[in-house]
Each structure stands twice: as structure tokens, then as C-alpha cells.
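If you read the sequence shown in numbering that gives the first Met the number 0, its first letter stands for residue 0, the second for the next number, and so on. Written below as C-alpha cells is the structure these notes are about.
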Amino acid sequence: MVVGNGATAQFWEDRWMDGQAISELASDLHLLVPKRLRKTRTVCEALTDRRWIRDIQGALGPLALWQYIQIWKRTHDVRLSDSVDVLS
């Protein structure tokens with residue numbers, strides 16, 4: 000998936016991060032997000048004011064904490080464009 004404006008790409012489920020989904024990159028962290036949010040949170044919504052952080056519920060174990068830091072680093076400099084998201 001190629002992310003443009005992030006309006007349709009799902010933050011937690013789609014393979015928008017260098018061809019991988021966060022569910023694959025950070026499976027322990029992914030499990031701390033309620034299913035409803037995993038299925039509906041768009042990349043645009045998640046990156047706005049870092050809302051993806053508020054999606055996480057419960058205590059982070061050592062691995063989930065490490066995964067959180069990795070995802071934070073990878074999303075820190077993501078810039079969305081005016082173009083639409085493209086499923087590739």
C-alpha cells in the first residue's frame with residue numbers, strides 16, 4: 000500500500016509501513032489495541048496528534064515497550080500528502 004493522505008489506509012492493519020503492517024512489526028503492542036480501533040483507525044487519524052498512542056490500552060511488557068519505541072521512531076517523520084492512498 001502506498002499512503003497518500005492516509006484517509007483510507009488502516010494504521011494497525013494495512014501494510015503501509017515499508018510494505019509491512021504494524022500487526023506484523025509489533026504484534027505484542029498490536030494486541031494491546033482494542034479490535035474495534037485496530038479495524039477502524041486510519042493512518043491520517045492515527046498520526047494526527049499521535050492518536051495511535053491513545054489506542055493502546057493496558058500495561059506494556061518489555062517487548063511491547065520496545066515495539067512502541069520502534070513504531071514511535073518510524074512514525075515520527077511520516078508526512079502525508081494530498082494524494083489518495085493506493086492499494087498495491
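Here a beta-carbon is modelled for each residue, glycine too, at the ideal position from N, C-alpha and C. Bear in mind the structure is a predicted one, so any value in this text is a computation, not a measurement.
Residue nearest to residue i in terms of C-alpha spacing, selected from the options
| i | options | result |
| --- | --- | --- |
| Arg73 | Gly3, Ala58, Gln19 | Gln19 |
| Thr39 | Asp27, Gly57, Asp13 | Asp13 |
| Pro33 | Ser80, Val42, Ile55 | Ile55 |
| Asp27 | Asp81, Gln9, Gly57 | Gly57 |
| Tyr88 | Trp11, Leu36, Thr41 | Outside the modelled stretch of the chain, which goes from 0 to 87, sits residue 88, for which no answer is possible. |
8 Å Cβ cutoff met for residue i and residue j
| i | j | result |
| --- | --- | --- |
| Leu59 | Leu31 | yes |
| Asp84 | Ala6 | yes |
Cut-off 7 Å between Cβ atoms - residues of its own chain near residue i, not counting five sequence neighbours on either side
| i | result |
| --- | --- |
| Val77 | Leu46 |
| Ile52 | none |
| Cys43 | Asn4, Gly5, Ala6, Leu79 |
Same chain, Cβ closer than 8 Å to residue i, five either side skipped, listed in chain order
| i | result |
| --- | --- |
| Gln69 | Leu24, Ala25 |
| Ser87 | Met0, Val1 |
Could you pull out every unbroken alpha helix (DSSP H) segment of at least 4 residues lying fully inside the region 0-67, listed in chain order? 21-24, 26-29, 34-39, 42-46, 50-54
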